[in-house]
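Student:
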Amino acid sequence: DIQMTQSPSSLSASVGDTITITCRASLTIYSFLSWFQCKPGKAPRLLIHSASRLPSGVASRFSATRSGTDFTFSITGLEAEDFAVYYCQQSYLSPPTFGGGTYVE
Amino acid sequence: QVQMEQSAAEVKRPGASVRVSCKTSGYTFAIFEVFWVRLAPGQGLESVGWVNPGNGHTKYAHKFEGRVTMTSDMSLRTVYMELTNLTSEDTAIYFCARGPESMTEFWGQGTPVSVSS
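Order-wise, the sequence lines are chains A and B.
My numbering runs 62 ahead of the 1-based position in the first sequence.
My numbering runs 137 ahead of the 1-based position in the second sequence.
Structure (structure tokens):
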């Protein structure tokens, strides 16, 4: 199985800040990496797929990059609605597996 | 538009089974896998597995093999996930999501399953 190591597990930020979350895969997953936002009582929301691509309708303050097996997710100009839990997910091997999550408070 | 409508909340006793349904619309049902993911209290997202409605193929996470069965009904455009021999650790919200697995953009609203004696 592919292990996804996500860090930090939590971070404290303020509106307007830029935050960064990282995810490291235990072996190469190429660009088969997505990022999701989770809020209580709602379904997970896809923010990034294919390591760096934004689905239609996702704000441009969300971005992500890949360097080998290291993946970085950023929010530039944090907004109040962005306080949530974020997860990375690899889909190179099936079924997909998730990182441990990052709580942005 | 694509919609994934899940069944209502369930309360089960330990050792029982639960079946959660996911009714789909707005796309060609046979083309995309439907994935199941759960979120337990205080835990992170966890994949349960997926089913391909077009050919019935399934893939389950190792943790659930032997306890989970995913099926589909083409006439109802509905996918089902059955989990047997429930324990308190299965208490979670179960979500269905439409594939492809590299881009699971469309999700159901979630079905809470509570396991308690």
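For each residue, glycine too, the CB sits at the ideal point set by N, CA and C.
Does any residue of chain A have a CB that is nearer than 9 Å to the CB of L176 (chain B)?
Tutor: yes
Student: So, helix, strand or coil for E147 (chain B), using DSSP?
Tutor: strand
Student: C85 (chain A) and S69 (chain A) - do their beta-carbons sit closer together than 9 Å?
Tutor: yes
Student: The stretch 120 to 151 of chain A: which residues have C-beta closer than 9 Å to a C-beta of chain B, in chain order?
Tutor: V147, Y149 and Q151
Student: Quick check for students: name the residue ranges of the alpha helix (DSSP H) that lie wholly in the stretch 65 to 119 of chain A, counting only runs of 4 or more.
Tutor: If we require 4 residues or more, the stretch 65 to 119 of chain A turns out to have no alpha helix (DSSP H) run fully inside it.
Student: Once you ignore the five residues that flank R150 (chain B) on each side, which residues in its own chain have a CB closer than 7 Å to its CB?
Tutor: S254
Student: Could you tell me whether the stretch 228 to 246 of chain B touches the stretch 149 to 169 of chain B, where touching means 3 or more Cβ pairs closer than 8 Å?
Tutor: These segments touch.
Student: With 16 as the cutoff for other CB atoms within 10 Å, does S209 (chain B) come out buried or exposed?
Tutor: In summary, S209 (chain B) is buried, with 16 or more beta-carbon neighbours lying within 10 Å of its beta-carbon over all protein chains present.
Student: Is it the case that the Cβ atoms of S184 (chain B) and V171 (chain B) are separated by a distance below 9 Å?
Tutor: no
Student: Distance, Cα to Cα, M141 (chain B) vs E238 (chain B)?
Tutor: 16 Å
Student: With a threshold of 8 Å, are at least 3 pairs of Cβ atoms found where one atom belongs to the stretch 117 to 129 of chain A and the other to the stretch 210 to 224 of chain B?
Tutor: By the Cβ test, the stretch 117 to 129 of chain A is not in contact with the stretch 210 to 224 of chain B, since fewer than three Cβ pairs between them sit closer than 8 Å.
Student: Helix, strand or coil: how does DSSP classify D63 (chain A) here?
Tutor: Here D63 (chain A) sits in coil by DSSP.
Student: For the stretch 168 to 197 of chain B, list every residue whose C-beta sits within 8 Å of some C-beta in chain A, in sequence order.
Tutor: F172, V174, L176, G181, L182, E183, S184, V185, G186, W187, K196 and Y197
Student: For A229 (chain B), which three-state DSSP category applies?
Tutor: strand
Student: Which one of B:H199, B:E147, B:K196 and B:H194 has the shortest CA to CA distance from S158 (chain B)?
Tutor: B:E147
Student: Rounded to whole angstroms, what's the CA-CA distance from T224 (chain B) to R204 (chain B)? Just pull it up for me.
Tutor: 11 Å
Student: At a Cβ threshold of 9 Å, is T90 (chain A) touching chain B?
Tutor: no
Student: Does the beta carbon of F166 (chain B) come closer than 9 Å to any beta carbon on chain A?
Tutor: No Cβ of chain A is located within less than 9 Å of the beta carbon of F166 (chain B).
Student: Taking the alpha carbon of V77 (chain A) as the reference point, which residue from A:F145, A:S122, A:K104 and A:S88 has its own alpha carbon closest?
Tutor: It is A:F145 whose Cα lies nearest to the Cα of V77 (chain A).
Student: So, for H111 (chain A): in the same chain, excluding its five sequence neighbours on each side, which residues have a beta-carbon less than 7 Å away from its beta-carbon?
Tutor: S96 and P117
Student: Taking all protein chains shown into account, decide if L89 (chain A) is buried (16 or more other Cβ within 10 angstroms of its Cβ) or exposed.
Tutor: exposed
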